[in-house]
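**Q** Numbering (our numbering), first residue to last: 97 to 610.
Cβ atoms here follow ideal geometry from the backbone N, Cα and C, with glycine treated the same way.
Please read these numbers as outputs of a predicted model, since none were measured by experiment.
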Ligand SMILES: [Zn+2]
């Protein structure tokens, strides 16, 4: 079996999904989970793109020890210098340089000749190698580039010190046969290619990202780039869990293995879905809610007699466990602490105290508190941005009846510390609530998307709400949980507003620093 390296870009390419904006602490929790999942390399962000990205990459590079951490960089010295400042504390600092090589990108976007593209790539790879032990060079839009030109530039950047060559299908345009053939051609044509890892990076615009990645592997690629749940620009990146499970389940056919701890897949998928607000479709391969549900009578009967009749992947393989009953009203702090430890999440004494308080409050209403509930509570606490001025919900009341006009009364604490109240009506209870909140917030708000779902099953389940708001014209996601759906909805709405405020505050901070 040959080893295929897994390069996760959930925090960079994945975070470029429309409306997704993770705070530094959320990124760190995802990074820790990716480390537990066992990815070989994680791309933590694009340090030169913003102060916020720089800080997040630095925090992750300084914290993560078992995974190589990388950051994206344009082929310019200032980007490379900034990336080094963010990444130098990493166990294995790695730089990801990119420059486009397709005629359309070189002519219209870069306004550079092919010769200039070669020169700049070579110069910047050797500049980066003075500090970074590992430098990946990506030919952006490789699948629409001329193969002979690609072969020439690859040879030169390898001589300049590149340790990984990535040929991305940036636009999701390629086909499995063509993509595989391109890698085979490079392996046969570029004389020094054996010195580096060859990497694929696929987008899913035509729904072929997994097939394209597997074809690349069959043709000599030793690194696969992608994201968990396949999130990313447009139709997303290749879903890494699908690639890993396909290689595992069909190991009779594919002689390749990855380092992933497959039973951490479900937890990784859940966390990323929770924090990004990007839901996993029920019928998604490997990780969808229905992926292990057998509906038709014939199938159910078969699975009862022998699961292998219709089940090629066991739920246990990817860490899907039936949501077993866990703690209740009489569970003590010790049992709670042990549970949190089981998740591999570290909490300070202060955070444990707060989480335990939330847990106790939940047990007043909920008889059986599940792992998912506890995980949700703990994550809320771990990812709450501290030290920033935010809107806080003080009290609220919603009046709803089939014959009355829905009315909401809300009391809010503003970022300036002032307490404000008002009441508004709406056509439904959530609308009344959101109208009221919106009239108390000075920003211009528009609701773009709204979801409510339950954490696990049961009529007393925790409610989790995700919203997307336009705040002063900018799309921002928010999430909130509570025992009650209306309260979860209020929390999600304010969470989106607060994320916008935090972003503005860090922008202002960056301006004063500069
Ligand atoms: Zn990409």
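Among residues of its own chain, excluding the 5 on either side of residue 616, which ones have a beta-carbon nearer than 7 Å to its beta-carbon?
**A** Because the chain here runs from 97 to 610, residue 616 falls outside it and cannot be looked at.
**Q** Who are the near neighbours of residue 291 in its chain, counting only those whose CB is closer than 7 Å to its CB and skipping five residues on each side?
**A** Correct list, in chain order: 254.
**Q** Does residue 110 come out as helix, strand or coil in the three-state DSSP assignment?
**A** Note: residue 110 maps to helix in three-state DSSP.
**Q** According to DSSP, is residue 221 part of a helix, a strand, or is it coil?
**A** Residue 221: helix per DSSP, three-state reduction.
**Q** What is the rounded straight-line gap between the Cα of residue 444 and the Cα of residue 97?
**A** Roughly 42 Å separates the two Cα atoms.
**Q** Could you check if residue 500 is buried or exposed, using at least 16 other CB atoms within 10 Å of its CB as the buried criterion?
**A** With fewer than 16 Cβ atoms within 10 Å of its Cβ, residue 500 is classed as exposed.
**Q** Classify residue 297: buried if its beta carbon has 16 or more other beta carbons within 10 angstroms, exposed otherwise.
**A** Buried is the call here.
**Q** Can you list, in chain order, the residues of its chain whose CB lies under 6 Å from that of residue 378, leaving out five sequence neighbours each side?
**A** Excluding positions up to five away in sequence, the list reads 384, 385 and 386.
**Q** Compute the minimum distance between the beta carbon of residue 301 and the heavy atoms of ligand 1, and state whether it is under 7 Å.
**A** Flag unset: Cβ of residue 301 not near ligand 1.
**Q** Can you name, in chain order, every residue of its own chain whose Cβ lies under 8 Å from the Cβ of residue 610, other than the five neighbours on each side?
**A** Because the pLDDT at residue 610 is just 45, under 50, the model does not fix this residue reliably, and the value given afterwards should be weighed accordingly. Excluding positions up to five away in sequence, the list is empty.
**Q** Can you grab the Cα-Cα spacing for the pair residue 299 / residue 288, in whole Å?
**A** So the two alpha carbons sit approximately 28 Å from each other.
**Q** Short check: CB of residue 196 to CB of residue 205, under 8 Å?
**A** It is a contact, given that the beta carbons lie within the stated cut-off.
**Q** Between which two residues does the alpha helix (DSSP H) holding residue 207 run?
**A** Here residue 207 belongs to no alpha helix (DSSP H), and DSSP marks it neither H nor E.
**Q** For residue 401, which residues of its own chain have a beta-carbon under 7 Å away from its beta-carbon, when the five flanking residues on both sides are left out?
**A** The answer is none, since no qualifying residue turns up.
**Q** Shorter than 7 Å, the distance from the beta carbon of residue 328 to the closest heavy atom of ligand 1, or not?
**A** Flag set: Cβ of residue 328 near ligand 1.
**Q** Looking only at its chain, what residues have a beta carbon closer than 6 Å to the beta carbon of residue 596, apart from the 5 residues adjacent to it on each side?
**A** Here the set comprises 567 and 572.
**Q** Quick check on the DSSP output: what are the complete beta strand (DSSP E) runs of length 3 or more inside the segment 97 to 183, in order along the chain?
**A** Counting whole runs of 3 or more residues, the segment 97 to 183 contains the beta strand (DSSP E) stretches 101 to 104, 137 to 141 and 164 to 170.
**Q** Looking only at its own chain, which residues have a Cβ that is under 7 Å from the Cβ of residue 156, when we skip the five neighbours before and after it?
**A** For residue 156, where only same-chain residues beyond five positions count, the Cβ hits under 7 Å are 123, 124, 127, 140 and 165.
**Q** Check whether the segment 327 to 334 touches the segment 305 to 314, counting contact only when three or more Cβ pairs, one atom from each stretch, lie closer than 8 Å.
**A** Segments in contact, yes.
**Q** Got a sec? Which residues, its chain only, sit under 8 Å from residue 435 by beta carbon, not counting five neighbours each side?
**A** Counting only Cβ-Cβ distances below 8 Å, and skipping sequence neighbours, we find 422, 423, 467 and 470.
**Q** Would you kindly work out how many angstroms separate the C-alpha atoms of residue 116 and residue 590, rounded to a whole number?
**A** One C-alpha to the other measures close to 16 Å.
**Q** How long is the line joining the alpha carbons of residue 462 and residue 556, rounded to whole angstroms?
**A** Distance between the alpha carbons of residue 462 and residue 556 is about 6 Å.
**Q** In the segment 317 to 346, which residue ranges form an unbroken alpha helix (DSSP H) of at least 4 residues, counting only runs that do not cross its ends?
**A** As far as the segment 317 to 346 is concerned, its whole alpha helix (DSSP H) runs of at least 4 residues are 336 to 345.
**Q** Taking residue 211 as the reference, which of 249, 353, 313 and 170 has the closest Cα?
**A** The option with the nearest alpha carbon to residue 211 is 249.
**Q** Distance check for residue 145 and residue 113, CA to CA, integer angstroms please.
**A** Each residue's Cα considered, the two are about 16 Å apart.
**Q** What number of angstroms, rounded off, separates the C-alpha of residue 180 from the C-alpha of residue 129?
**A** Taking the straight line from one Cα to the other gives about 24 Å.
**Q** If you reduce the DSSP assignment to three classes, tell me which class residue 538 lands in.
**A** Residue state, collapsed to three classes: coil.
**Q** Buried or exposed, going by whether 16 or more other CB atoms sit within 10 Å of the CB of residue 502?
**A** It is buried - the Cβ of residue 502 has at least 16 other Cβ atoms within 10 Å.
**Q** Does the pairing of the segment 104 to 112 with the segment 346 to 361 give three or more beta-carbon distances under 8 Å?
**A** The segment 104 to 112, when compared against the segment 346 to 361, does not touch it at the 8 Å Cβ threshold.
**Q** If I measure Cβ to Cβ from residue 110 and keep anything under 7 Å in the same chain, skipping five residues before and after, which residues do I get?
**A** For residue 110, where only same-chain residues beyond five positions count, the Cβ hits under 7 Å are 323, 327, 328 and 333.
**Q** So residue 472 and residue 505 are supposed to be a Cβ contact under 8 Å. How far apart are they, rounded?
**A** In fact, because the Cβ distance is near 28 Å, the residues do not count as touching under 8 Å.
**Q** Do you know offhand how far residue 603's Cα is from residue 147's?
**A** Going from the Cα of residue 603 to the Cα of residue 147 covers about 7 Å.
**Q** Given this structure, state the Cα-to-Cα distance separating residue 408 from residue 341, to the nearest angstrom.
**A** Cα to Cα, the separation comes out at about 11 Å.
**Q** Please give me, in chain order, every unbroken run of the alpha helix (DSSP H) with length at least 4 that falls completely inside the segment 337 to 417.
**A** As far as the segment 337 to 417 is concerned, its whole alpha helix (DSSP H) runs of at least 4 residues are 361 to 372 and 393 to 401.
**Q** On the three-state DSSP scale, how would you describe residue 193?
**A** Residue 193: strand per DSSP, three-state reduction.
**Q** Any idea what DSSP makes of residue 579, helix, strand or coil?
**A** Residue state, collapsed to three classes: coil.
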